[in-house]
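Asker: Residue numbers (this note's numbering), protein chains in the order written: chain A, 1 to 116; chain B, 1001 to 1115.
Positions of the beta carbon are idealized from the N, C-alpha and C atoms, including for glycine.
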Amino acid sequence: DVKVTQSSRYLVKRTGEKVFLECVQDMDHENMFWYRQDPGLGLRLIYFSYDVKMKEKGDIPEGYSVSREKKERFSLILESASTNQTSMYLCASSFFSLNLAKNIQYFGAGTRLSVL
Amino acid sequence: AQSVTQLDSHVSVSEGTPVLLRCNYSSSYSPSLFWYVQHPNKGLQLLLKYTSAATLVKGINGFEAEFKKSETSFHLTKPSAHMSDAAEYFCVVSDMDTGRRALTFGSGTRLQVQP
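#1: Would you report the Cα separation of Pro952(B) and Pro1079(B), rounded to the nearest angstrom?
#2: Would you please verify whether the beta carbon of Ser1009(B) is less than 9 Å from any beta carbon of chain A?
#3: Beta carbon of Ser1094(B), beta carbon of Arg1022(B): below 9 Å?
#4: Mind pulling the chain B residues with CB within less than 9 Å of Ala81(A)?
#5: So, at 6 Å on beta carbons, what are the nonlocal neighbours of Ser131(A) in its own chain, with the 5 sequence-adjacent residues on each side left out?
#6: Run down chain A in chain order and give the residues with a C-beta less than 9 Å from the C-beta of Gly1059(B).
#7: Do Lys1069(B) and Val1057(B) have their C-beta atoms within less than 9 Å of each other?
#8: Determine, using beta-carbon pairs with one atom in the segment 16–27 of chain A and one in the segment 44–56 of chain A, whether at least three such pairs fall under 8 Å.
#9: Are the C-beta of Tyr1036(B) and some C-beta of chain A separated by less than 9 Å?
#10: List the residues of chain A that Ser1107(B) touches, going by C-beta distances under 8 Å, in chain order.
#11: Any beta-carbon of chain A closer than 9 Å to the one on Leu1021(B)?
#12: Which chain B residues are close to Leu78(A), counting only those with a beta carbon under 8 Å from its beta carbon?
#13: Rounded to the nearest angstrom, how far is the Cβ of Phe1105(B) from that of Leu43(A), given a contact under 8 Å?
#14: Run the CB neighbour count on Phe96(A), radius 10 Å, all protein chains shown included, and call it buried at 16 or more, exposed below.
#15: Chain B partners of Gln105(A), CB-CB under 7 Å?
#16: Considering only the beta carbon of each residue, do Leu116(A) and Leu21(A) sit closer than 9 Å?
#17: Would you tell me roughly how many angstroms separate the C-alpha atoms of Leu1047(B) and Tyr1089(B), rounded to the nearest one?
#18: Would you say Val24(A) faces chain B, with C-beta separation under 9 Å as the test?
#19: I need the DSSP call for Ser1084(B), collapsed to helix, strand or coil.
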């Protein structure tokens, strides 16, 4: 079974702190993704990576950065946390395939971040 | 550009009655379509996917979805709801327009199952 592990289930931080969210996958997937999930908005893509040291902005990258130094690990960084970044953060991974039907993303359990 | 509209934010059914969760999509190309389910405090799990091989797609736990190109719809159904079906359901579209990014999520439908 594919396993995507997020390091924390719940996190409470203060405004202005630097926050690291970690994600590890064990299936040798090329692609990794960070989403945030807010009620009524579904999942919105923050950043994704299709290879080590490669990254691309998603729909809502402002206030976030990412790091992918190893294939299995993808980190989301909040440089200076703000209250509007309080949310559920979900990490996902997938193989790269030109066959769209194979673009199945596997998700971690999520990190619920509260910024006070 | 692709988009997904889930027509109901909340659906409530009684246990044993049919479930219908509605989804309409917009895509520039021939898309692949997915339904994901999220149980409380859990990650998202793939329920089923449409790959153009057959318009009626069967998924896990008795769910089905029918792809209707003329209506640009991909509604999710189940003949008889079970209490364990209570969760949030996301309709998802994937097409070449987004390349590696691949997935665009709907806003979700929360399914409530009454005893």
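Answerer: By the coordinates alone:
#1: A question about residue 952(B) goes unanswered here, because the residues of chain B that appear run from 1001 up to 1115.
#2: When Cβ-Cβ separations below 9 Å define contact, Ser1009(B) makes contact with chain A.
#3: For Ser1094(B) and Arg1022(B), no; Cβs fall outside 9 Å.
#4: The premise fails here: Ala81(A) is roughly 22 Å from chain B at the closest Cβ pair, so nothing lies under 9 Å.
#5: With chain A represented from 1 up to 116, any question about residue 131(A) goes unanswered, as that position is not in the structure.
#6: Under the 9 Å cutoff, chain A gives no residues; its nearest Cβ is about 12 Å from Gly1059(B).
#7: Not a contact, by the Cβ cut-off of 9 Å.
#8: Touching, no.
#9: Interface with chain A (9 Å Cβ-Cβ cutoff): Tyr1036(B) is included.
#10: Chain A residues near Ser1107(B): Gly40, Leu41, Gly42.
#11: No, its Cβ sits nowhere closer than 9 Å to a Cβ of chain A.
#12: For Leu78(A), none of the residues of chain B pass the 8 Å Cβ criterion, the least Cβ distance being about 20 Å.
#13: Rounded, the Cβ-Cβ distance is 4 Å, consistent with contact.
#14: Of the other Cβ atoms in all chains shown, fewer than 16 fall within 10 Å of the Cβ of Phe96(A); this residue is therefore exposed.
#15: Ordered by position in chain B, the residues that pass the 7 Å Cβ test against Gln105(A) are Leu1103.
#16: Contact flag unset, no.
#17: As the crow flies, the alpha-carbon of Leu1047(B) is around 9 Å from that of Tyr1089(B).
#18: Residue-level contact by beta carbon fails for Val24(A) and chain B, as no gap is shorter than 9 Å.
#19: In this structure, Ser1084(B) counts as helix in the three-state DSSP scheme.
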